[in-house]
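Protein chains in written order, with my numbering: chain A, 361 to 575; chain B, 361 to 575. Don't be surprised by glycine CBs; every beta carbon is placed ideally from N, CA and C. Treat the numbers as computed from the prediction; the structure is a model and nothing was measured.
Protein chains: 2
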Amino acid sequence: MSEVAEAAPTSRREQQKEARRLALVDAALAVFSRVGYAAAKIDDVAEEAGVSKGTVYLYFDSKEQLFEGMVKSKMSPMLNNVASLAIDPDQSATDRLKQHLRFFYTKVLDTDRRQIMRLIMSEGPNFPHLAEFYHANVLSRGQAMINAIIQQGIETGEFRNMAGHGLMHNVVAGALVAGIWKLVFDRFQPIDLDSYFDTHVDLILNGLCAAAPRD
Amino acid sequence: MSEVAEAAPTSRREQQKEARRLALVDAALAVFSRVGYAAAKIDDVAEEAGVSKGTVYLYFDSKEQLFEGMVKSKMSPMLNNVASLAIDPDQSATDRLKQHLRFFYTKVLDTDRRQIMRLIMSEGPNFPHLAEFYHANVLSRGQAMINAIIQQGIETGEFRNMAGHGLMHNVVAGALVAGIWKLVFDRFQPIDLDSYFDTHVDLILNGLCAAAPRD
DNA sequence: GTAGCATAACTGACTGGTCAGTCATTTAAT
DNA sequence: ATTAAATGACTGACCAGTCAGTTATGCTAC
Numbered sequence: 361m362s363e364v365a366e367a368a369p370t371s372r373r374e375q376q377k378e379a380r381r382l383a384l385v386d387a388a389l390a391v392f393s394r395v396g397y398a399a400a401k402i403d404d405v406a407e408e409a410g411v412s413k414g415t416v417y418l419y420f421d422s423k424e425q426l427f428e429g430m431v432k433s434k435m436s437p438m439l440n441n442v443a444s445l446a447i448d449p450d451q452s453a454t455d456r457l458k459q460h461l462r463f464f465y466t467k468v469l470d471t472d473r474r475q476i477m478r479l480i481m482s483e484g485p486n487f488p489h490l491a492e493f494y495h496a497n498v499l500s501r502g503q504a505m506i507n508a509i510i511q512q513g514i515e516t517g518e519f520r521n522m523a524g525h526g527l528m529h530n531v532v533a534g535a536l537v538a539g540i541w542k543l544v545f546d547r548f549q550p551i552d553l554d555s556y557f558d559t560h561v562d563l564i565l566n567g568l569c570a571a572a573p574r575d
Numbered sequence: 361m362s363e364v365a366e367a368a369p370t371s372r373r374e375q376q377k378e379a380r381r382l383a384l385v386d387a388a389l390a391v392f393s394r395v396g397y398a399a400a401k402i403d404d405v406a407e408e409a410g411v412s413k414g415t416v417y418l419y420f421d422s423k424e425q426l427f428e429g430m431v432k433s434k435m436s437p438m439l440n441n442v443a444s445l446a447i448d449p450d451q452s453a454t455d456r457l458k459q460h461l462r463f464f465y466t467k468v469l470d471t472d473r474r475q476i477m478r479l480i481m482s483e484g485p486n487f488p489h490l491a492e493f494y495h496a497n498v499l500s501r502g503q504a505m506i507n508a509i510i511q512q513g514i515e516t517g518e519f520r521n522m523a524g525h526g527l528m529h530n531v532v533a534g535a536l537v538a539g540i541w542k543l544v545f546d547r548f549q550p551i552d553l554d555s556y557f558d559t560h561v562d563l564i565l566n567g568l569c570a571a572a573p574r575d
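What follows is the structure, given as structure tokens:
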């Protein structure tokens with residue numbers, strides 16, 4: 361009845377279980393990315409992970425929980441990385457913004473994680489749980505960081521004071537579009553992320569910057 | 361043997377056929393938008409259009425062709441509208457850019473058509489035909505127009521000469537993100553398209569404009 | 001008009017294949 | 001020897017696509 365045993369918290373068995381869980385998560389990402397949630401077959405996930413279908417159900421209760429569990433597993437390392445960016449408070453807002461955007465390009469857009477981004481966009485409306493979770497844990501944090509940088513820039517005089525709605529969205533929009541483009545249209549018209557990044561930063565920083573006499 | 365008859369090109373019958381085809385296309389958009397391609401049931405499309413399942417197959421050979429036909433049908437009025445924008449060549453590049461972006465916000469983002477945009481992003485990788493068609497017929501035209509405006513702006517001295525890769529994508533990115541946001545996260549954090557549009561235009565025009573002394 | 005006929009449009013029960021989820025049995029670890 | 005992990009054949013629900021049968025439309029002759 362009582363949960364006495366398990367003196368060793370990381371026995372060989374538990375290590376293997378964890379490894380298998382990760383393998384399943386990787387396989388799930390691969391399969392769901394390839395064909396989307398509805399068309400993905402549990403058998404395919406199992407095969408990709410090198411196990412049988414029954415095993416999948418030892419680790420996840422249902423297809424839906426496999427999907428949600430996969431997204432959450434794949435998100436958590438990103439969250440830790442993001443947190444590590446908040447150091448070094450005495451650099452300019454300009455540099456901090458550049459740094460954050462570069463982080464996003466290299467750690468999300470140029471990785472498997474951009475698939476997560478697309479899956480959230482594709483399947484989000486059918487998985488309100490997940491969309492909400494993603495919004496609460498990823499987007500709102502990212503927004504807070506970008507908004508803080510913009511605020512800092514306004515206070516230091518680097519940026520002009522744009523009170524408007526949706527500024528933060530517009531600042532990062534170029535990056536999201538790059539990610540989507542890579543996944544959907546790159547085969548017809550490829551883009552180079554590095555130089556795209558330069559354009560993005562140039563355009564946005566110039567757009568934000570104070571003392572730009574227009575007209 | 362010969363195809364002599366059909367003197368009246370728009371008989372009552374043909375009109376009704378066309379009306380039914382449109383009803384099916386509307387129903388298909390509604391159902392595919394709601395649940396995505398794979399999870400959509402032909403029976404649901406039929407019910408939404410007020411016909412039986414068999415009838416759907418009198419108008420479209422397969423689910424896939426229904427989907428592609430729907431996307432193409434829904435795109436064509438937009439293409440005509442876009443073409444109508446190319447008039448009035450002696451306004452400033454700034455005004456033309458504003459006008460084009462406003463067009464996109466009001467005629468695409470704030471309409472059913474944004475669903476098409478999302479479906480292309482979600483299902484595009486599984487329908488290479490469709491993604492290519494969309495790229496060739498919608499995106500490349502849109503790009504050409506925006507690029508022409510930017511070029512004009514550079515020549516007139518309104519905009520600085522940003523040679524970088526992906527400038528056009530970055531200019532319109534804010535609008536795409538607004539559309540995606542509305543469809544996926546608006547319920548958790550709503551955005552107001554009008555003031556979002558103002559911010560977008562302000563940021564981008566300032567970013568493009570010449571004589572902005574940064575650093 | 002309208003009766004009769006030909007053809008087009010539509011219907012929905014049915015089929016065959018697919019796949020999420022189960023569980024009795026087998027295999028591996030301790 | 002005992003317990004945990006893994007298997008894969010099986011089931012039941014679901015659904016794209018079919019087709020024999022039904023209904024509506026238009027046409028011709030009267």
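Scanning chain B for C-beta atoms nearer than 8 angstroms to the C-beta of SER555 of chain A yields GLY524, HIS525, GLY526, reported in chain order. Rounded to whole angstroms, the separation of the alpha carbons of LEU499 of chain B and VAL442 of chain A is 33 angstroms.
Residues of the same chain with a CB within less than 7 angstroms of the CB of TRP541 of chain B, apart from the 5 flanking positions on each side, are ILE551 in chain order. The DSSP-derived three-state label of PHE519 of chain B is strand. Against chain B, the beta carbon of VAL395 of chain A has neighbours under 7 angstroms at ASN486, listed in chain order. ALA388 of chain A and ALA523 of chain A have their C-alpha atoms spaced approximately 42 angstroms apart. From the beta-carbon of THR559 of chain B, the residues of chain A found nearer than 7 angstroms are MET522, GLY524, HIS525, GLY526, LEU527, ASN530. Taking C-beta atoms under 8 angstroms as the contact rule, ASN497 of chain A and MET528 of chain A fail to qualify, at a distance of about 17 angstroms.
Taking C-beta atoms as the reference points, GLY517 of chain B and ILE564 of chain B fail to come closer than 8 angstroms.
Residues of chain B with a Cβ closer than 7 angstroms to the Cβ of ASP562 of chain A are, in chain order, MET522, GLY524. Annotation note: the region 488-566 of chain A contains the following uninterrupted alpha helix (DSSP H) runs of length 4 or greater, listed N- to C-terminal: 488-494, 500-516, 527-544. ILE540 of chain B belongs to the set of residues whose beta carbon lies under 8 angstroms from a beta carbon in chain A. Distance from the CA of GLN451 of chain A to the CA of GLY502 of chain A, rounded to the nearest whole angstrom, comes to 19 angstroms. For the region 494-510 of chain A, the beta-carbon criterion of a distance under 9 angstroms to any beta-carbon of chain B is satisfied by TYR494, HIS495, ALA496, LEU499, SER500, GLN503. Using a CB distance cut-off of 8 angstroms, PHE427 of chain A does not count as an interface residue toward chain B. Counting only residues of its own chain and dropping the five nearest sequence neighbours on each side, PHE420 of chain B has a CB closer than 8 angstroms to the CB of LEU384, LEU426, GLY429.
Following the DSSP letters along the chain, one finds TYR465 of chain B in no alpha helix (DSSP H), marked with neither H nor E. If you check the CB distance, ALA409 of chain B and GLY396 of chain A do not come in under 8 angstroms.
Within chain A, no C-beta atom comes nearer than 7 angstroms to that of GLN475 of chain B; the closest sits roughly 10 angstroms away. In the DSSP assignment, PHE427 of chain B falls within the alpha helix (DSSP H) that extends over 423-443. Contact check for ILE476 of chain B against ALA491 of chain B fails: the beta carbons are separated by 8 angstroms or more. Around the CB of PRO437 of chain A, fewer than 16 other CB atoms lie within 10 Å, so the residue is classed as exposed.
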